[in-house]
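A.B. asks: Throughout the sequence shown, residue numbering follows mature numbering (1 follows the signal peptide of the UniProt record, and there is no 0), covering -25 to -1, 1 to 225 in sequence.
By construction, the Cβ of each residue, glycine as well, lies at the ideal position given by its N, Cα and C atoms.
Have a look at this one before I ask anything.
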Amino acid sequence: MKVAFAQWPWILLLLCLIPFHAATANDDHAALYRAVTIVTGTVEPERSRGFAACLREVLMKISGDPALADAPGVDALADRVGDFVAAFGYRDRMASIPVHDEQGTRERPHFLTVEFSQPKIDAALRSLGAKPWLDRPLLTLNVTIDNGARRFPLLRDGAFGRDQRASLLETAERYGLPIFFPLAQGRSAKEPVLTGTLIWQADRLEWSAEWSLGPAGDAVEWAFAAPSFDGVFRQALGRAMTRLAAGSRP
C-alpha cells in the first residue's frame, strides 16, 4: 500500500527489515490499482494532471510492462481519466510548515493518492492488448555495491547501503513488485533471484551495472549504466518485472 508521508525515505528504510509485498490476496490486489504522485495545490488543472500520471503508473504496474505507460492509446485514456477514478485524497507535503500567505495556500505541494476502479482498469488494459498480472512472485535481490570507497552486499540488516535499499524499495513499490533482501550474502536464494553488481565509475560520473535474472544455466543477463543508482534500479526492476510477467502467462 502506498504511504504518502513527508517522512517517506525513513518509512522505506524501516520496511527493509521485512519482506516487501506490494499486493497480496488479503487486499484483493487493491494496491496494484492505487498510485501516488505529487501535485501543486488541490484544484484543476493540477488534479487532472495528477490523475493522468497515476493512470499511466497503474496501467504499467498492473500489466507488468513499463513500456505500456506510453503505449499508443494511453493518451486517449488519459484524456478521460476521470472515468476510471474510484476515489482520491490529498496529503500536504508541508503540513508541519505554517501557511504565511495566499500563494502558500494555493501552491503548496501535496501527495495525491488515486484509487482506480478495478473493472474499468482491466477493461482499459484489454483495449490496449494487455492483461492484468496479479499473482506475483517474491523477487530475491542479490545486489553488490562498489562505490569506489567500499564494496558491500545489500543485506536486510546491513550496516551499509541504506540509500540503495530505500531506492529499491521505492521503485518496487511503484512497480507493485514484491522484493526481499537476504540476511546474508548467498543465502535466502529462493527463486526468482535478481543478481547484480553496481560499480561507481568516477571518470564517467555514472553507475555501471551487470545483472542476471534466473537460475544458473538459464539466466538472462544484461548490462546498464546511468548517472544515478536510482536510474539503474528502475531499469533493472522494470526489466525483471517484464520478464516475470511474461513468464507467468500461457
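With residue 172 as the anchor, note down where its beta strand (DSSP E) starts and where it stops.
C.D. replies: That run of the beta strand (DSSP E) goes 168 to 176.
A.B. asks: Considering only C-alpha positions, which residue in the set 177, 138, 16, 114 is nearest to residue 217?
C.D. replies: Of 177, 138, 16, 114, the residue nearest in Cα terms is 114.
A.B. asks: Compute the distance between the beta-carbons of residue 8 and residue 86, then report whether it is under 8 Å.
C.D. replies: Taking 8 Å as the Cβ cut-off, residue 8 and residue 86 do not qualify as a contacting pair.
A.B. asks: Locate the beta strand (DSSP E) running through residue 127, then write down its first and last residues.
C.D. replies: Counting along the chain, the beta strand (DSSP E) containing residue 127 begins and ends at 126 to 128.
A.B. asks: By Cβ distance, which residues of its chain are closer than 6 Å to residue 48, with the 5 residues on each side in sequence left out?
C.D. replies: Once the five neighbours on either side are set aside, the close Cβ partners of residue 48 are 103.
A.B. asks: Using 8 Å for Cβ pairs, my map puts residue 186 next to residue 123. What's the rounded Cβ distance?
C.D. replies: In fact, because the Cβ distance is near 20 Å, the residues do not count as touching under 8 Å.
A.B. asks: Please list, in chain order, all residues of the same chain as residue 220 whose beta carbon is under 6 Å from its beta carbon, the five residues on each side excluded.
C.D. replies: Around residue 220: 39, 108.
A.B. asks: Just to confirm my understanding: we take residue 166, look at its own chain, exclude 5 residues before and 5 after, and list those with CB closer than 7 Å. What are they?
C.D. replies: Here the set comprises 190.
A.B. asks: Classify residue 40 as helix, strand or coil using the three-state DSSP reduction.
C.D. replies: Three-state DSSP puts residue 40 in coil, outside helix and strand.
A.B. asks: Short of 6 Å in beta carbon distance, which residues of its chain neighbour residue 52, apart from the five on each side in sequence? Order them along the chain.
C.D. replies: Contacts found: 99.
A.B. asks: Using the beta-carbon count (16 or more within 10 Å), is residue 223 buried or exposed?
C.D. replies: Exposed, because fewer than 16 other Cβ atoms sit within 10 Å of the Cβ of residue 223.
A.B. asks: Using the three-state DSSP reduction, which class does residue 68 fall into: helix, strand or coil?
C.D. replies: In the structure shown, residue 68 sits in coil (DSSP, three-state: anything other than H, G, I, E or B).
A.B. asks: Shortest alpha-carbon distance to residue 202 belongs to which of 178, 140, 195, 17?
C.D. replies: Per the Cα distances, 178.
A.B. asks: Near residue 146, what residues of its chain come up, given a Cβ to Cβ distance below 6 Å and the 5 sequence neighbours on each side ignored?
C.D. replies: Only 208, 209, 212 meet the Cβ criterion.
A.B. asks: Under the DSSP definition of a beta bridge, which residues are partnered with residue 85?
C.D. replies: Residue 85 is bridged to 14, 67.
A.B. asks: Cutting at 7 Å between CB atoms, please list the residues of its own chain near residue 82, excluding the five before and the five after it.
C.D. replies: Excluding residues within five positions, the ones whose Cβ falls inside 7 Å are 15, 16.
A.B. asks: Let me check you understand the geometry: is the CB of residue 155 closer than 7 Å to at least one non-hydrogen atom of the ligand ZN?
C.D. replies: You won't find the ligand ZN in this model; it holds no ligand whatsoever.
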